[in-house]
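**Q** Attaching a single structure in structure tokens format; questions to follow.
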Amino acid sequence: MKLSPLMALAGLASAQLALALPQATPSASATPSPTPGDGSFASTNGLQFVIDGETGYFAGSNSYWIGFLTNNADVDLVFTHMKEAGLRILRVWGFNDVNEKPADGTVWFQMHADGQSTINTGADGLQRLDYVVQSAEKHGIKLIVNFVNYWDDYGGMNAYVQAYGGSDNTDFYASKDMQAAYRAYIKAVVSRYLDSPAIFAWELANEPRCQGCAPSVLHDWIDSTSQYIKSLDSKHMTCIGDEGFGLDIGSDGSYPYGYSEGGNFTMSLALPTIDFGTFHLYPSSWGTNNDWGNGWVASHGAACKAAGKPCLFEEYGVTSDHCAVEKPWQMTALNTTGIAADLYWQYGDQLSSGQSPNDGNTIYYGTDEFTCLVTDHIASIGSRATRK
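Residue numbers (our numbering): 61 to 448.
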């Protein structure tokens, strides 16, 4: 998901406001005693996922902002509510790149300047992500952690380009210097959580594109980067984080099925170091309609079935009529062979500093929309499992 500049600033403001509040330490959290998972690593089994020994279809969500919170109690609250609701997976931003050191109290993970990169392992750096992983592990929630953003929100590939030189984000994929810095960051993050069962998968990037590039550019980067991640960590799964562009199966010739953004869904899915497919759905941003989304979901399920790997319906959302529009997509995903889980964009909750960021797609815990798209959806998942 590409955030508007206003939403990116709102997310930072939320984190900064939380910093001004009394900080809860892990031992001081008022969270009820959580129930962790069984300590096993998530995996695949044919066209399905396995979480804590359970094979089936799972529901989850996205939260780009949770790693930027500075109040531990807020993090615990989110995972407590997710656990109570039956959500099993949360996709989080594992990056927060800047080109100059921000004001004190602002969370940042890595700074790129003058051809050098500095990883922030301090209290306003990766220690915030540490607590997210720690709390997720306690509450039995699995995390998808990605390493860079294609978009400029929270730095993205453009932060590397600004520091190392280049014309646009497409230069990121083939630059030796940028890739060296990117891999150093991957190693720093992966090594922190190598033994944590809270990690569902490592993700190369959020929505990587390479507009106008030869098809080999993005594919070769996916191939080499996923190999590198597997060389560091063979226990956790690895995925791409792409939108699912570049697909012939079920194609109607519309923009998302085409190859103009440099992606080839089936070719990259076939890589042995990619454990499952990812795809997103935003009809209003792609010039399609909401009903079109059901075919998009079915097409990716068919592609994953053909590849013998599960698909994760990783992001989907609209800015109005959430239940009426998104519920059919959920049901299509649930009833499509090859789709093994879905994560709506995005999770919302009432934090100590107020509501978490709302980009119009946000579904807040405890609302009627949450009942429709989470409570009822998870009941449908349970019903399908019972029928089987």
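Quick reminder that beta carbons are idealized off the backbone N, C-alpha and C, glycines included.
Every value quoted in this text rests on a predicted model; they were computed, and no experiment measured them.
Are the beta-carbon atoms of Ala-400 and Pro-370 separated by less than 7 Å?
**A** Residue numbering aside, residue 400 sits at position 340 when the sequence shown is read from its first letter. Residue numbering aside, residue 370 sits at position 310 when the sequence shown is read from its first letter. In this structure, Pro-370 lies closer than 7 Å to Ala-400 by Cβ.
**Q** Which residues does DSSP pair with Glu-375 in a beta bridge?
**A** By 1-based counting over the sequence shown, the position of residue 375 is 315. Paired residues: His-340.
**Q** Enumerated in chain order, which unbroken segments of the beta strand (DSSP E) with a length of 3 residues or greater are wholly contained in the stretch 105-174?
**A** 108-111, 114-116, 118-123, 149-153, 170-173
**Q** What are the boundary residues of the beta strand (DSSP E) that includes Lys-202?
**A** Locating residue 202 in the sequence shown gives position 142, where the first residue counts as 1. That run of the beta strand (DSSP E) goes 202-206.
**Q** Can at least three beta-carbon pairs, one atom from the stretch 113-120 and one from the stretch 133-148, be found at a separation below 8 Å?
**A** yes
**Q** Return yes when the Cβ of Thr-338 is within less than 7 Å of the Cβ of Asp-302, no when it is not.
**A** As a first step, residue 302 must be located in the sequence shown, where it is residue number 242. As a first step, residue 338 must be located in the sequence shown, where it is residue number 278. Judged by their CB atoms, Asp-302 and Thr-338 are nearer to each other than the 7 Å cut-off.
**Q** Would DSSP call Ser-412 helix, strand or coil?
**A** Position 352 of the sequence shown, counted from the first residue, corresponds to residue 412. Residue state, collapsed to three classes: coil.
**Q** Which same chain residues, not among the five before or five after Thr-2, have their C-beta less than 6 Å away from its C-beta?
**A** Lying before the first or after the last residue shown, residue 2 is absent from the chain, which here runs from 61 to 448.
**Q** Just checking my contact of Val-193 with Tyr-253 at CB under 8 Å: how many whole Å lie between their CB atoms?
**A** Residue 193 sits at position 133 when you count from the first residue of the sequence shown. Residue 253 sits at position 193 when you count from the first residue of the sequence shown. Val-193 to Tyr-253, Cβ: 5 Å. Contact.
**Q** How should Ala-224 be labelled, buried or exposed, when 16 other C-beta atoms within 10 angstroms of its C-beta is the threshold for buried?
**A** Mapped onto the sequence shown, residue 224 falls at position 164. Before going on, a small fix: residue 224 reads as Tyr here, not Ala. Under this definition Tyr-224 is a buried residue.
**Q** Quick check: what's the CA-CA separation for Ile-201 versus Ile-438?
**A** The count along the sequence shown starts at 1 and reaches residue 201 at position 141. The count along the sequence shown starts at 1 and reaches residue 438 at position 378. Spanning the two alpha carbons is a distance of roughly 15 Å.
**Q** What residue does the beta strand (DSSP E) around Ala-400 start on, and which one ends it?
**A** Residue 400 sits at position 340 when you count from the first residue of the sequence shown. In the DSSP assignment, Ala-400 falls within the unbroken beta strand (DSSP E) covering 399-404.
**Q** What residue from Glu-374, Asp-212, Ser-235 has the CA that sits closest to Ala-261's CA?
**A** On the sequence shown, residue 261 is found 201 positions in, with the first residue counted as 1. Closest option to Ala-261, Cα to Cα, is Glu-374.
**Q** Can you tell me where the beta strand (DSSP E) holding Ser-284 begins and where it ends?
**A** For the purposes of this step, residue 284 is identified with residue 224 of the sequence shown, where counting begins at 1. Here Ser-284 belongs to no beta strand (DSSP E); instead the alpha helix (DSSP H) covers 275-292.
**Q** Relative to the C-alpha of Asp-136, which residue among Pro-96, Gly-106, Thr-115, Ser-103 is closest?
**A** For the purposes of this step, residue 136 is identified with residue 76 of the sequence shown, where counting begins at 1. It is Pro-96.
**Q** When the Cα atoms are used, what is the spatial distance from Pro-86 to Gly-154?
**A** Stepping through the sequence shown from its first residue, residue 86 is reached at position 26. Stepping through the sequence shown from its first residue, residue 154 is reached at position 94. Any reading at Pro-86 is ruled out, since the residue's pLDDT is 31, under 50, leaving its predicted position unreliable.
**Q** Buried or exposed for Gly-368, please, with buried defined as at least 16 other CB atoms from any protein chain shown within 10 angstroms of its CB.
**A** Your numbering for residue 368 matches position 308 in the sequence shown. Gly-368 is exposed by the Cβ-count criterion.
**Q** For Glu-263, which residues in the same chain have their Cβ closer than 6 Å to its Cβ, ignoring the five residues on either side in sequence?
**A** Mapped onto the sequence shown, residue 263 falls at position 203. Closer than 6 Å at the Cβ level, and outside the excluded window around Glu-263, lie Ile-204, Asn-206, Cys-299, Gly-301.
**Q** Measure the C-alpha to C-alpha separation of Ser-195 and Lys-143 and round it to an integer number of angstroms.
**A** Taking the first residue of the sequence shown as position 1, residue 195 is located at position 135. Taking the first residue of the sequence shown as position 1, residue 143 is located at position 83. Rounded to whole angstroms, Ser-195 to Lys-143 spans 11 Å at the Cα level.
**Q** Does the ligand SAH have a heavy atom nearer than 6 Å to the CB of Gly-347?
**A** Among the components of this structure there are no ligands whatsoever, and the ligand SAH is therefore not found.
**Q** Can you check whether the CB of Asn-324 is closer than 7 Å to the CB of Gly-313?
**A** Mapped onto the sequence shown, residue 313 falls at position 253. Mapped onto the sequence shown, residue 324 falls at position 264. Cβ atoms of Gly-313 and Asn-324: not closer than 7 Å.
**Q** Are Asn-209 and Asn-266 close, meaning C-beta to C-beta below 7 Å?
**A** On the sequence shown, residue 209 is found 149 positions in, with the first residue counted as 1. On the sequence shown, residue 266 is found 206 positions in, with the first residue counted as 1. Yes, these two residues count as a Cβ contact at 7 Å.
**Q** Could you name the residues of the same chain whose beta carbon sits closer than 8 Å to that of Gln-108, not counting the 5 residues immediately before and after it, in chain order?
**A** In the sequence shown, residue 108 corresponds to position 48, counting from 1. Thr-115, Gly-116, Tyr-117, Pro-370, Ala-400.
**Q** From the DSSP output, read off the bridge partner residues of Cys-299.
**A** Here residue 299 refers to the residue found at position 239 of the sequence shown. Paired residue(s): Glu-263.
**Q** Can you pull the DSSP bridge partners for Ile-179?
**A** The residue you call residue 179 lines up with position 119 of the sequence shown. Under DSSP, Ile-179 shares a beta bridge with Gln-170.
**Q** Taking C-alpha atoms, which residue in Gly-426, Asp-293, Leu-433, Met-171 lies nearest to Thr-140?
**A** Here residue 140 corresponds to residue number 80 of the sequence shown, with the count starting at 1. Nearest to Thr-140 by C-alpha distance, out of Gly-426, Asp-293, Leu-433, Met-171, is Gly-426.
**Q** Taking all protein chains shown into account, decide if Gly-322 is buried (16 or more other Cβ within 10 angstroms of its Cβ) or exposed.
**A** Taking the sequence shown and counting its residues from 1, the one referred to as residue 322 is at position 262. It counts as buried.
**Q** Taking the alpha helix (DSSP H) that Phe-101 belongs to, which residues open and close that run?
**A** Mapped onto the sequence shown, residue 101 falls at position 41. Taken as a continuous stretch (DSSP letters only), Phe-101 belongs to no alpha helix (DSSP H), as it is neither H nor E.
**Q** Which residues in the same chain have their Cβ closer than 7 Å to the Cβ of Met-61, if we skip the five residues on either side of it in sequence?
**A** Counted from its first residue, the sequence shown places residue 61 at position 1. The residues are Glu-375, Trp-405.
**Q** Work out the CA separation of Glu-386 and Ser-359 for me, nearest whole Å.
**A** As a position in the sequence shown, residue 359 is number 299, starting the count at 1. As a position in the sequence shown, residue 386 is number 326, starting the count at 1. Rounded to the nearest angstrom, the two C-alpha atoms are 17 Å apart.
**Q** State the DSSP-derived secondary structure class of Asn-395, mapped to helix, strand or coil.
**A** By 1-based counting over the sequence shown, the position of residue 395 is 335. In this structure, Asn-395 counts as coil in the three-state DSSP scheme.
**Q** Cα separation between Asn-354 and Gln-390?
**A** Position 294 of the sequence shown, counted from the start, is the residue given in the question as residue 354. Position 330 of the sequence shown, counted from the start, is the residue given in the question as residue 390. Between Asn-354 and Gln-390, the C-alpha separation is close to 9 Å.
**Q** I need the boundaries of the alpha helix (DSSP H) containing Gly-355, first residue and last residue.
**A** Taking the sequence shown and counting its residues from 1, the one referred to as residue 355 is at position 295. Counting along the chain, the alpha helix (DSSP H) containing Gly-355 begins and ends at 352-367.
**Q** Just to confirm, are Gly-347 and Tyr-315 a CB contact at a threshold of 7 Å?
**A** What you label residue 347 is simply residue 287 of the sequence shown in a count that begins at 1. What you label residue 315 is simply residue 255 of the sequence shown in a count that begins at 1. Yes.
**Q** Output yes or no for whether 7 Å exceeds the beta carbon distance between Phe-169 and Lys-295.
**A** Indexing the sequence shown from 1 puts residue 169 at position 109. Indexing the sequence shown from 1 puts residue 295 at position 235. For Phe-169 and Lys-295, no; Cβs fall outside 7 Å.
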